[in-house]
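Residue numbering for the sequence shown follows the working numbering, starting at 204 and increasing by one per position.
We put the beta carbon where it would ideally sit given N, CA and C, even for glycine.
Note sheet for the following structure.
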Amino acid sequence: MKRREFLTLSLASATLLVSGCGDSSSSGNSMVSSSSSNSSSSNNSSSSSSPNFSSRLAIPPLLEGESISGVLHFDLSIQEGKRSFFEGTSTNTFGVNGSFLGPTLKMKNGDAVSINYTNNLNEPTTMHGHGMHLPAVMDGGVHQVIQAGETWSAQYTVKQKACTNWYHPHLMGKTAEHVYKGIAGLMILEDEESVNLDIPKTYGVDDIPLVLQDRFFDADMELDYSPNTMQIMRGYIGDTFLTNGVVNAFVDVQAKEIRFRILNGSNSTVYNLGFKDGRSFKQIATDNSFLESPVDLNRVTLSPGERAEIVVDMSNLENETIYLKDFFQGKDFLKINVKALEIAQTKTPESLASLKKYTIADALNSRRFTLSGSMRSFYINGVSMDKSVINEKIPVNQVEVWEVKNQMGVNHNFHIHATHFLLIERNGKTSNVADNEKGYKDTVYIPPNESVKIMVKMSDYTDKSNPYMYHCHFLEHEDAGMMGQFTVI
Ligand SMILES: [Cu+2]
Numbered sequence: 204m205k206r207r208e209f210l211t212l213s214l215a216s217a218t219l220l221v222s223g224c225g226d227s228s229s230s231g232n233s234m235v236s237s238s239s240s241n242s243s244s245s246n247n248s249s250s251s252s253s254p255n256f257s258s259r260l261a262i263p264p265l266l267e268g269e270s271i272s273g274v275l276h277f278d279l280s281i282q283e284g285k286r287s288f289f290e291g292t293s294t295n296t297f298g299v300n301g302s303f304l305g306p307t308l309k310m311k312n313g314d315a316v317s318i319n320y321t322n323n324l325n326e327p328t329t330m331h332g333h334g335m336h337l338p339a340v341m342d343g344g345v346h347q348v349i350q351a352g353e354t355w356s357a358q359y360t361v362k363q364k365a366c367t368n369w370y371h372p373h374l375m376g377k378t379a380e381h382v383y384k385g386i387a388g389l390m391i392l393e394d395e396e397s398v399n400l401d402i403p404k405t406y407g408v409d410d411i412p413l414v415l416q417d418r419f420f421d422a423d424m425e426l427d428y429s430p431n432t433m434q435i436m437r438g439y440i441g442d443t444f445l446t447n448g449v450v451n452a453f454v455d456v457q458a459k460e461i462r463f464r465i466l467n468g469s470n471s472t473v474y475n476l477g478f479k480d481g482r483s484f485k486q487i488a489t490d491n492s493f494l495e496s497p498v499d500l501n502r503v504t505l506s507p508g509e510r511a512e513i514v515v516d517m518s519n520l521e522n523e524t525i526y527l528k529d530f531f532q533g534k535d536f537l538k539i540n541v542k543a544l545e546i547a548q549t550k551t552p553e554s555l556a557s558l559k560k561y562t563i564a565d566a567l568n569s570r571r572f573t574l575s576g577s578m579r580s581f582y583i584n585g586v587s588m589d590k591s592v593i594n595e596k597i598p599v600n601q602v603e604v605w606e607v608k609n610q611m612g613v614n615h616n617f618h619i620h621a622t623h624f625l626l627i628e629r630n631g632k633t634s635n636v637a638d639n640e641k642g643y644k645d646t647v648y649i650p651p652n653e654s655v656k657i658m659v660k661m662s663d664y665t666d667k668s669n670p671y672m673y674h675c676h677f678l679e680h681e682d683a684g685m686m687g688q689f690t691v692i
């Protein structure tokens, strides 16, 4: 059964389509943990009949690099694989050092790194360090193509604050498909401030990475990447939710503060995340930094490519179960079982980081970007991405104000490579910027017909000939041309 006809977010139609593929029980393989699937839960999207979350959450392996002559080397293989997302089925996938998604790379401010990507696919790809501040030739954008069989090394020194970044393909016109098939992984950056904070930081125990995605599977249980025009416009929103590549996942945590490093790794779905019981949590970090202080929330909205780190206090929840839910689609991502405390409690402090903040008065220049398009063509400032055109030349070390307007009736966002920015206005007002958006960011959500103003500064890495990209991170829009290039001069 192909799902080309699936046009809307309608729960009713989603349920119909899911039930059409049979009683698929969930037994997604985990990357490091074995799954325990002894039930036959239905992959049902209806929130009223919750599926049985019986597959253990996979925690991506943590790579800390091998130090060779003072440089941390990470060796990564981009490869084809097979993954059982549902019991008794096999799906052809792409992955990094595995069959779906890839390991988490850990590094800290000041580290010299060499991330060596070997392309073992039968087709070219690239690998972009999303959120990484690095030279243009190490960016892994559309120009750093890795041919089949070749190895490409991203070599640079980490020069930025603690945050959660990620790597993913960025091949012109093929980014969406490559990510959809499973190529992506997290990068955890620490700095002098972060290592001294009394926050949860035991990877996989109280510091838990969550890559949130959604997918369609076809009748053969292959990943169905076939968006129609409407889905390209409005989002290719799959009916099956994946958490670290696992369908209907559960995780056991201890009765203490738990930190989730959440990436919206979807192609084009906006998630409105919170806990099913409405409990509050603290957001502690945005895309590229900690917030100065934790922000109390019940929900956090993430558009594709954005990250949020949150801390949930589960000290009083021993033997209880809560669910992480996407309230926009009305589906649960993760069942969380709270067990007895075995490690030291933490107490997330009120002061997390000091951020250098710019104001309008610091800006020496401004630029405007409009996001527009129709059908299968998308534009920034009226033109589609052309690899041979440098759209903007940005002077180094100059603070600028960029205004980005979404002129369409569909969702977009705006991502800038190699830098982080501060969001200062939504729809012309500083008061529209929420407290949890006040850390450094590299991707900002822009709802239909809305606008944002951001403060941008390219602090180094001048290069007159090699550009970086800015683009909408809804991958179908990016692949359809909603991207441009800039050099730092
Ligand atoms: Cu877009």
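Next on the checklist: Considering only DSSP beta bridges, list what Leu445 is partnered with.
Outcome noted: Looking up residue 445 in the sequence shown gives position 242. Gln416, Val450.
Item to check | Whole-number beta carbon distance between Val655 and Glu628, since they are thought to touch under 8 Å | outcome: Here residue 628 corresponds to residue number 425 of the sequence shown, with the count starting at 1. Here residue 655 corresponds to residue number 452 of the sequence shown, with the count starting at 1. 7 Å between Cβ atoms; contact.
Item to check | Pairwise C-alpha distance: Thr551 and Glu460 | outcome: If you number the sequence shown from 1, residue 460 lands on position 257. If you number the sequence shown from 1, residue 551 lands on position 348. Near 8 Å, if we compare the C-alpha coordinates of Thr551 and Glu460.
Checklist entry - Which term fits Gln651, buried or exposed, when burial requires 16 or more other beta carbons within 10 angstroms of its beta carbon? => result Here residue 651 is taken as the residue at index 448 of the sequence shown, counted from 1. A small correction: the amino acid at residue 651 is Pro; Gln does not occupy that position in the sequence shown. That one is exposed.
Checklist entry - Quick one, which of Glu681, Thr292, Thr690 has its alpha-carbon nearest Ile435's? => result Position 232 of the sequence shown, counted from the first residue, corresponds to residue 435. The shortest C-alpha separation from Ile435 is found at Glu681.
Item to check | Between the CA atoms of Asp589 and Ala452 - distance to the nearest angstrom | outcome: Sequence index remark: in the sequence shown, residue 452 carries index 249 (1-based). Sequence index remark: in the sequence shown, residue 589 carries index 386 (1-based). If I take the Cα positions, the gap works out to 41 Å.
Checklist entry - So Met341 packs on Tyr359, CB below 8 Å; how close in whole Å? => result Along the sequence shown, one-based indexing puts residue 341 at 138. Along the sequence shown, one-based indexing puts residue 359 at 156. At roughly 5 Å, the Cβ-Cβ gap stays under 8 Å, so Met341 and Tyr359 are in contact.
Checklist entry - Is any heavy atom in ligand 1 found nearer than 7 Å to the beta carbon of Cys366? => result To locate residue 366, count along the sequence shown from 1; it is residue 163. No, since every heavy atom of ligand 1 falls outside the 7 Å radius drawn around the Cβ of Cys366.
Item to check | Beta carbon nearer than 6 Å to a non-hydrogen atom of ligand 1 | outcome: His615, Cys675, Phe677, His680, Met685
Checklist entry - Whose CA, out of Cys675, Ser280, Thr472, Lys660, lies closest to the CA of Ile597? => result Counting from one through the sequence shown, the residue named residue 597 turns up at place 394. Nearest option by C-alpha distance: Lys660.
Next on the checklist: Does chain B have any CB closer than 8 Å to the CB of Lys479?
Outcome noted: Among the chains in the structure shown there is no chain B, since it carries only a single protein chain.
Item to check | Distance between Lys384 and Thr296 (C-alpha atoms, nearest Å) | outcome: Stepping through the sequence shown from its first residue, residue 296 is reached at position 93. Stepping through the sequence shown from its first residue, residue 384 is reached at position 181. Cα to Cα, Thr296 sits roughly 5 Å from Lys384.
Checklist entry - Do you know offhand how far Ser280's Cα is from Gly352's? => result As a first step, residue 280 must be located in the sequence shown, where it is residue number 77. As a first step, residue 352 must be located in the sequence shown, where it is residue number 149. The alpha-carbon atoms of Ser280 and Gly352 are separated by roughly 10 Å.
Item to check | Between the CA atoms of Arg570 and Ser302 - distance to the nearest angstrom | outcome: Residue mapping note: residue 302 aligns to position 99 of the sequence shown, counting from 1. Residue mapping note: residue 570 aligns to position 367 of the sequence shown, counting from 1. About 42 Å.
Item to check | Given 8 Å, three or more beta-carbon pairs between the region 467-484 and the region 499-518 | outcome: yes
Next on the checklist: So, with DSSP's three-state summary, where would you put Val691?
Outcome noted: Mapped onto the sequence shown, residue 691 falls at position 488. Looking at Val691 - three-state DSSP - the assignment turns out to be strand.
Next on the checklist: Buried or exposed for Glu509, going by 16 or more other Cβ atoms inside 10 Å?
Outcome noted: What you label residue 509 is simply residue 306 of the sequence shown in a count that begins at 1. Classification of Glu509: buried, given that the 10 Å Cβ count is 16 or more.
Checklist entry - Would Glu393 pass as a contact of Ala365 if the rule is Cβ separation under 8 Å? => result By 1-based counting over the sequence shown, the position of residue 393 is 190. By 1-based counting over the sequence shown, the position of residue 365 is 162. A contact, by the Cβ cut-off of 8 Å.
Checklist entry - Contact between the region 561-576 and the region 416-431: three or more CB pairs below 8 Å? => result no
Item to check | Length of the line joining the Cα atoms of Gly612 and Glu653 | outcome: For the purposes of this step, residue 612 is taken as the residue at position 409 of the sequence shown. For the purposes of this step, residue 653 is taken as the residue at position 450 of the sequence shown. Each residue's alpha carbon lies about 9 Å from the other.
Item to check | Range covered by the beta strand (DSSP E) that runs through Val340 | outcome: Walking along the sequence shown from the start, residue 340 turns up at place 137. Where Val340 is concerned, there is no enclosing beta strand (DSSP E), given that its DSSP letter is neither H nor E.
Checklist entry - Hey, Ser492 and Gly642 are a contact pair by Cβ (cut 8 Å); roughly how many whole angstroms apart? => result Working through the sequence shown from its first residue, we reach residue 492 at position 289. Working through the sequence shown from its first residue, we reach residue 642 at position 439. Ser492 to Gly642, Cβ: 5 Å. Contact.
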